[in-house]
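When we follow the working numbering, the leftmost residue of the first sequence carries the number 41, and every step to the right adds one. Built from N, CA and C at the ideal position, the CB exists for glycine as well.
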Amino acid sequence: MESGMISVDRWSRGSQVYFLTHLHADHVRGLTPNWTRGPLYCSRITAKLFPIKFSGFDLSLIRIVEIGHWHSVSLLSPSSGSSTTVYFMAIDAHHCPGAMMYLFRGEFGCTLYTGDFRWESTSERAQNGRTMLLNALKDLQLDMLYLDNTYCNPTYSFPSREVAARQVLSIISSHPNHDIVIAVDTLGKENLLLYISRVLKTKIWVWPERLQIMHLLGFHEIFTTKTSLTRIRAVPRYSFNIETLEELNTIRPTIGIMPSGLPWAQKSARGKDNFSFTWHTNITTSISTSKTIGGSLTAGSYDKYIYRVPYSDHSCFPELETFVEFLKPINIKGIVSSSTSYVEPLYHFGHLCRTQQESEFLFQKLRSKGCEKVEVIHAKSPFGDTSTVPLGRKRRIRRIFSTGNHVSRVRLLRRERQGVKIVDRDPD
DNA sequence: GCGATCAGTT
DNA sequence: CACAACTGATCGC
């Protein structure tokens with residue numbers, strides 16, 4: 041097996057410590073309740089939700105990482121065999137509750153793993169994140185950026201969640217006597233629901249398991265499992281389809297709202313018509329306020345009962361572009377590699393990267409100024425030994441670095457659902 | 001009965 | 001159609 045140090049959202053053996061960005065299923069595939077491979081670092085919120093997903097997990101293996109502080113852990117360097125210190129900092133990813141990015145710094149250089157994230161230009165939370173990153177990177181060059189490349193293609197352009205939320209509200213308001221069902225996952229889109237609840241001054245129905253999660257997140261009054269209390273219900277996305285809506289409509293007039301990033305590709309002028317979607321235009325007449333966004337997007341539906349709204353927890357292309365330009369990393373890799381449509385971020389963002397030479401020049405400059413300091417606010421002990429145990433289950437993505445050699449390369453490109461496996465050095 | 005993988009769904 | 005996120009069937013032990 042390969043010798044390794046750290047894995048992020050990846051749960052195969054060979055690492056000394058493991059980091060989790062957030063609790064969505066495609067990031068915990070491979071985690072099991074009998075997890076014994078090492079300490080697991082995550083956010084406080086993720087830790088709080090953890091027992092729900094992984095009943096029985098040995099919570100003593102969980103290490104909470106506070107946002108915005110440098111932490112450290114000492115690990116065995118696979119290259120030298122001796123002890124080496126890795127510093128890391130978590131930053132709010134503004135994806136789903138508990139989602140964080142991780143910035144690492146060690147003998148391998150400096151690496152940022154975004155996990156899934158959305159940083160809108162108008163978002164205050166994103167602005168905080170930018171400031172935090174800027175301060176953390178002050179004198180450092182970012183050698184590697186692992187990027188949420190879900191929508192890493194210029195055809196993907198959609199409005200901020202704030203704007204999309206107003207569209208949802210507009211749709212609801214134009215159906216004052218309808219029941220409303222909104223498709224959501226087990227985690228995420230809470231802010232949309234909170235917004236609706238606040239503006240319309242109404243509770244929102246959720247299914248019992250979801251109510252438990254809402255309570256853990258600290259929302260105690262807003263959500264209910266009693267149908268009689270509200271006409272607005274958030275339902276599991278997998279139970280949401282045209283047939284369901286038609287059945288519901290035999291009982292009461294009901295519309296469905298599907299918040300989703302995907303179909304909102306901008307109709308590109310350069311004639312890639314594989315992205316031309318046809319929308320029923322009846323809707324846009326009923327919600328005039330959301331008729332157009334960014335010039336070419338319209339709220340649409342693919343069914344007379346279902347409305348799609350471009351509400352996404354992943355950054356759209358222009359946001360990714362801004363993000364990369366802001367960081368000017370030396371190298372970029374995507375964290376999502378679904379076999380059919382993996383887009384190499386360097387193809388689109390290579391021109392925004394800093395070259396190795398520029399980086400060395402910068403480094404010399406900084407050096408001559410003699411500034412170098414890392415403030416360690418919270419030091420963590422290395423992996424605890426022995427006692428081990430419990431739980432978890434599921435898995436996915438990627439190990440970031442394995443050795444002191446930070447010239448990594450793709451070793452294996454599996455046809456897994458997602459994820460290349462990256463190893464920095466030959467296994468033995 | 002468990003995890004791992006595949007297939008299918010919105 | 002794209003996609004993320006999820007469920008459920010099936011295989012192997």
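*Please report the Cβ distance between SER187 and PRO385, rounded to the nearest whole angstrom; I am assuming they are in contact, meaning their Cβ atoms lie under 8 Å.*
The sequence given here has Leu at residue 187, not Ser. Yes, they are in contact, since the Cβ atoms of LEU187 and PRO385 sit about 5 Å apart, within 8 Å.
*Could you tell me which of SER114, ARG103 and TRP75 sits nearest to GLY96, measuring between CA atoms?*
TRP75
*Which same chain residues, not among the five before or five after ALA87, have their C-beta less than 6 Å away from its C-beta?*
ILE102 and ILE104
*Helix, strand or coil: which one does DSSP assign to LYS266?*
coil
*Could you check where the beta strand (DSSP E) with LEU227 kicks off and where it finishes?*
Taken as a continuous stretch (DSSP letters only), LEU227 belongs to no beta strand (DSSP E), as it is neither H nor E.
*Quick one: using the 10 Å Cβ neighbour count with 16 as the cut-off for buried, is SER200 buried or exposed?*
buried
_Here's the rule: buried if 16 or more other CB atoms are within 10 angstroms of the residue's CB, otherwise exposed. What is VAL239?_
exposed
*Is it a yes or a no for the stretch 201-216 touching the stretch 168-178, going by three-plus beta-carbon pairs under 8 Å?*
no
_Local conformation of ASN289 per DSSP, three classes_ = helix
*What whole-angstrom Cβ distance do ASN289 and TYR345 have, given they're in contact under 8 Å?*
6 Å
*Take every Cβ of the stretch 136-149, pair it with every Cβ of the stretch 221-234, and state whether three or more of those distances are shorter than 8 Å.*
yes
*Since PHE128 and PHE148 are thought to touch, with beta carbons under 8 Å apart, how far apart are those beta carbons, to the nearest angstrom?*
PHE128 to PHE148, Cβ: 12 Å. No contact.
_I need the DSSP call for HIS388, collapsed to helix, strand or coil._
helix
*Supposed contact pair MET184 and LEU115 - C-beta distance, whole angstroms, cut 8 Å*: That pair is no contact at about 18 Å.
*Taking one C-beta from the stretch 240-260 and one from the stretch 269-279 each time, how about it: are there three or more such pairs within less than 8 Å?*
yes
*By Cβ distance, which residues of its chain are closer than 6 Å to LEU257, with the 5 residues on each side in sequence left out?*
PRO137
*Find out if the Cβ-Cβ distance for the pair HIS391, CYS192 is shorter than 8 Å.*
no
*List the endpoints of the continuous alpha helix (DSSP H) containing VAL208.*
201-213
*Give, in chain order, every unbroken run of the alpha helix (DSSP H) that is at least 4 residues long and sits entirely within the stretch 49-137.*
84-93
*With C-beta atoms as the reference, is MET141 less than 8 Å away from THR154?*
yes
*Report the option in LEU182, VAL246, ASP49 and PHE259 whose CA atom is closest to the CA atom of PRO79.*
ASP49
*Is it the case that the Cβ atoms of PHE157 and SER352 are separated by a distance below 8 Å?*
no
*First through last residue of the beta strand (DSSP E) which encompasses ILE253*: Not the beta strand (DSSP E): ILE253 falls in the alpha helix (DSSP H), residues 248-256.
*asked:* Just to confirm my understanding: we take GLU365, look at its own chain, exclude 5 residues before and 5 after, and list those with CB closer than 6 Å. What are they?
replied: LEU392
*To which residues does DSSP link LEU143 through a beta bridge?*
MET129 and LEU152
*Using three-state DSSP, classify TYR345 as helix, strand or coil.*
coil
*Identify every residue that forms a DSSP beta bridge with LYS373.*
TYR186
*Can you pull the DSSP bridge partners for PRO299?*
VAL349
*Under 8 Å, do ALA205 and VAL275 count as touching if we go by C-beta distance?*
no
*Among all the DSSP beta bridges, which residues are the ones paired with VAL275?*
ALA223
*Between the CA atoms of ILE291 and ALA166 - distance to the nearest angstrom*: 43 Å
_DSSP state of SER47 mapped onto helix, strand, coil_ = strand
*Let me know if ALA65 comes out buried or exposed under the rule of 16 or more other beta-carbons within 10 Å of its beta-carbon.*
exposed
_Taking its Cβ as the centre, do 16 or more other Cβ atoms sit within 10 Å of TYR278, making it buried, or is it exposed?_
exposed
*asked:* Could you pull the DSSP bridge partners for ILE282 from this structure?
replied: Answer is none; ILE282 lacks a bridge partner.
*With DSSP collapsed to three states, give me the class of THR395.*
coil
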